[in-house]
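Residue numbers (my numbering): 3 to 101. Data block below; observations after.
Structure follows, in structure tokens:
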């Protein structure tokens with residue numbers, strides 16, 4: 003319910019940091035409300051050197067995969083398809099998501 007409220011009422015993103023199978027990158031699931039009422043769900047991989055270092059990175063430095071647009075009721079399924087666990091979604095600042 004907390005995540006649903008953040009997406010629908012506050013219109014704010016939620017993220018989840020994934021286990022890092024690649025020593026060169028860090029990965030997150032990014033769930034972002036879009037203007038038409040749907041939600042964009044994607045996996046974002048970022049080179050490790052940008053995470054926690056304060057070094058600036060741009061969109062060209064990130065690899066976004068498995069992007070999809072879904073209704074809010076379909077977020078859980080889309081998060082699982084990206085390799086995440088819906089119950090672990092939280093505010094981006096809680097898991098170092100590089101906004």
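Every residue gets a Cβ at the ideal spot worked out from N, C-alpha and C, and that includes glycine. Because the structure is a prediction, the values reported are computed rather than measured.
| query | result |
| --- | --- |
| Judging by CA-CA distance, which residue of 100, 96, 22 is the nearest neighbour of residue 63? | 100 |
| Distance, Cα to Cα, residue 57 vs residue 85? | 27 Å |
| Given a threshold of 16 other Cβ atoms within 10 Å of its Cβ, counted over all protein chains shown, does residue 21 qualify as buried or as exposed? | exposed |
| Taking the CB atoms as reference points, tell me whether residue 33 and residue 77 lie closer together than 8 Å. | yes |
| Extract the residue ranges of the beta strand (DSSP E) inside the segment 4-29, only unbroken runs of 3 or more that lie entirely within it. | 16-19 |
| Could you pull out every residue in the same chain whose Cβ sits closer than 8 Å to the Cβ of residue 26, ignoring the five residues on either side in sequence? | 49, 50 |
| If you follow the beta strand (DSSP E) that residue 81 is part of, which residue opens it and which one closes it? | Looking at the DSSP string, residue 81 is not in any beta strand (DSSP E); the run it does join, the alpha helix (DSSP H), is 77-83. |
| Starting from residue 70, trace the beta strand (DSSP E) both ways and give me its first and last residue. | 65-72 |
| Can the beta-carbon of residue 71 be found less than 8 Å from the beta-carbon of residue 35? | no |
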